[in-house]
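This report refers to the structure that appears directly beneath it.
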Amino acid sequence: MTLTEIENYFRHVLPRKDDQVFFLSQLLESVSLAREYSGAWSTTMLSDGFRLNVGQVEALSCTFKKVESAQKSCCQIELRILLAGDDCDLVFNLNPEFESMVAMNYASIGQSHWCYSFLFDALPSMSLESILNEVGGQIKRMAGLRRQYIDRASHTSIGKVRNKSNFAASHCPTLIEYAELICKVENKSTDGWYNGYSWKEREARLKEAHRLQKLGLLQHASGPCQLCGDPNAEVKYHDEDYSLPYLWGGIAAYALCLHCHIHKLHRRFSNRQLWLDFLAHVRRGGYASDLKNKKISKEFSQYRKAVASGEVFTLVSLRPYAQEIGQEWFSKLSTDPSSLRDPSARPRP
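Structure (structure tokens):
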């Protein structure tokens, strides 16, 4: 489909731009996660909506169905987001009028996974704003579970990164182009810039890394985590430098555990204080995985509250810390959101 055809389609099913932004930003959010993990994803434009597949399975889909009857004429909208995690149906308080959580059984995921569904009949005269605000808040609470699902879908059962989606033949890059055009102002968090590099540049490096790993010319990341130091955590590369010619080690790429990489390092722009508090935990010899311990997690929460109140609180040392505080590679990272798109933030031109 052409860009004009896709634009006409969305104007027909979702006349209000704000509604388009909501649904298309959900697509971009999942695409941004899939891009981080592998090249094994594809978007498909359907006659009644769109779909994102990762690896062998659905990751997100949205359908629009016109319903005509003697009583009403409406557009039935269904948004489906796949999640991985235990007891999702018990964790979230769903509005039974338009939300549901159903267990799924995709063999390639390898752990409990679910489909969160938002289904609603929108009348032509209706504004979806209040409903979408409620649903949007719910979806934000599922962010970690969405990431976990896409991570699983991006890997084989033995942990090998998938290089191609089973649905690659139906991939519609124009859908992504339209979504980015619609959401570029309203949803800056999904545009994928980092250290002044665009998604296009970052994705090119990722594809080259996967190619070299497949040929055995580039080793997969191995521990310990180069942020928290956990020797037992599963790690993946985090890149700081995407310039050509590519560098594959040193200051260009670091092996990080999932928690340090996604939940702390990349969130430092939106929550600078959490990032600084987490570094205090690391510098007392703490691993990210230690925060799963209730006693340590409680102490960390007390520390964060004390810092927020301007009080002094000393965290208990967990292990010797070998690095010089303030000289670690991660201590020099910017927390200024403007650096995401600023070319001067690049380590190399």
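Last residue of the sequence shown: 349 in full-length UniProt numbering, with the numbers rising by one and none dropped. Backbone N, C-alpha and C fix where the C-beta goes; we use that ideal spot for every residue, glycine too. None of the values given here were measured: they were computed from a predicted structure.
Cut-off 8 Å between Cβ atoms - residues of its own chain near residue i, not counting five sequence neighbours on either side
i: Asn195; result: Glu240, Asp241, Tyr242, Ser339, Leu340, Ala345, Arg346 and Pro347
i: Glu134; result: Asn95
i: Ser331; result: Leu279 and Ile325
Three-state secondary structure (DSSP) of residue i
i: Phe64; result: strand
i: Ile150; result: helix
i: Lys236; result: strand
i: Trp193; result: coil
i: Val57; result: strand
i: Asn187; result: Because Asn187 sits at a pLDDT of 40, beneath the cut-off of 50, its placement in the model cannot be relied upon, and the following sentence gives the value as read from the coordinates. In the structure shown, Asn187 sits in coil (DSSP, three-state: anything other than H, G, I, E or B).
i: Leu175; result: helix
i: Ser117; result: strand
i: Cys260; result: helix
Residue i: first and last residue of the uninterrupted alpha helix (DSSP H) it sits in
i: Asn8; result: Leu3 to Val13
i: Asp290; result: Neither: Asp290 is in no alpha helix (DSSP H) and is coded neither H nor E.
i: Tyr254; result: Element bounds for Tyr254: not the alpha helix (DSSP H) but the beta strand (DSSP E), Ala253 to Cys257.
i: Phe22; result: Lys17 to Tyr37
i: Arg272; result: Arg272 to Arg283
i: Asp89; result: Cys88 to Val91
Neighbourhood of residue i by C-beta distance below 7 Å, restricted to the same chain and skipping five residues each side
i: Ser165; result: Ala40, Trp41, Ser42, Asn53, Val54 and Gly55
i: Arg205; result: Asp239, Tyr242 and Tyr246
i: Gln213; result: His220
i: Cys257; result: Cys225, Cys228, Asp230, Ala233, Glu234, Val235 and Ala288
i: Gln20; result: Phe10, Leu14 and Ile182
i: Glu208; result: Tyr246
i: Thr156; result: Arg162
i: Leu3; result: Thr174, Glu177 and Tyr178
Residue i, enclosing beta strand (DSSP E) - first and last residue
i: Ser42; result: Trp41 to Leu46
i: Phe50; result: Gly49 to Val54
i: Glu99; result: Glu99 to Ala103
Own chain partners of residue i with C-beta closer than 6 Å, once the 5 adjacent residues on each side are dropped
i: Asp89; result: Met101
i: Val185; result: Its pLDDT being 41, under 50, Val185 is placed unreliably in this model, and the coordinates cannot settle the point.
i: Asn187; result: Bear in mind that a pLDDT of 40 at Asn187, under 50, signals an unreliable position, so the model cannot answer this.
i: Pro337; result: Phe269
i: Ala253; result: Tyr237 and Asp239
Classification of residue i by the beta-carbon crowding that lies within 10 angstroms, buried from 16 upward
i: Ile182; result: buried
i: Met1; result: exposed
i: Phe64; result: buried
i: Arg141; result: exposed
i: Lys298; result: exposed
i: Glu36; result: buried
i: Ile6; result: buried
i: Gly192; result: buried
Closest Cα partner of residue i within the set the options
i: Leu27; options: Cys74, Ile81, Glu36 and Ile6; result: Ile81
i: Cys260; options: Asp230, Thr4, Leu244 and Gly137; result: Asp230
i: Pro224; options: Glu97, Ala288, Arg304 and Ala143; result: Ala288
i: Gly85; options: Gln138, Ser32, Phe118 and Arg147; result: Arg147
i: Ser117; options: Ala107, Gly136 and Gly110; result: Gly136
i: Gln323; options: Arg284, Ile6 and Asn271; result: Arg284
i: Cys74; options: Tyr321, His113, Phe120 and Glu99; result: Phe120
i: Phe92; options: Ser112, Lys17, Asn105 and Ile139; result: Ile139
i: Val67; options: Ser61, Val57, Glu78 and Glu58; result: Glu78
i: Ala59; options: Glu311, Trp114 and Leu274; result: Trp114
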